[in-house]
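Single-structure report; data block below.
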Amino acid sequence: MASSSSSSSVRSGFSFSEHWLLMAATALVCGFVGYIVYEAVMATAAELLQRLLLISPLLLIIMVHWLSAGSHISFPMPGSDPIAIHRAGASPCGLAFLLLLLFFLISFQPSLHHLIS
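Spelled out as structure tokens, the structure:
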């Protein structure tokens, strides 16, 4: 007898349908907040990936130069080797500088348009 009276006092004043309504409202609010957070995270990730895609050719050139140099890292300076002018090909430093300049111009394009006009 004591257990049946205590179990009826444990029950809350909510009915079964009110529990489902409260749970559905909670799920809806959590879904909306999750969507807002997801949208902000994806916008930040897209901005970071855009910058990474602009820098990737420069990183690729540096990585190829580092792998082809062997165990030591050497960046040839112009005029350091007198026979260097007779070698086929060129140093990737000029191309790396060009890519850095291109990255700078693309990154600050709206500012540069304002300066030109």
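Residue numbers (this note's numbering): 1 to 117. Ideal Cβ placement from N, Cα and C applies to all residues, glycine included. Bear in mind that the values here come from a model prediction, so they are computed numbers and not experimental data.
I'd like to know whether the C-beta atoms of residue i and residue j end up nearer to each other than 8 Å.
i                 : j             : result
phenylalanine 108 : isoleucine 55 : no
isoleucine 61     : alanine 27    : no
Give the secondary structure of residue i by DSSP, where H, G and I count as helix, E and B as strand, and everything else as coil.
i         : result
serine 56 : helix
serine 68 : helix
serine 17 : helix
My assumption, with CB atoms under 8 Å, is that residue i sits in contact with residue j. Please give the rounded CB distance.
i          : j           : result
leucine 58 : leucine 101 : Rounded, the Cβ-Cβ distance is 11 Å, inconsistent with contact.
Between which two residues does the alpha helix (DSSP H) carrying residue i extend?
i                 : result
phenylalanine 104 : 92-107
Taking the C-alpha atoms as reference points, what is the distance between residue i and residue j?
i              : j                : result
serine 8       : phenylalanine 16 : With a pLDDT of 48 at serine 8, under the threshold of 50, the modelled position of that residue is not reliable, and no figure is offered here.
isoleucine 106 : glutamine 50     : 11 Å
tyrosine 35    : methionine 23    : 18 Å
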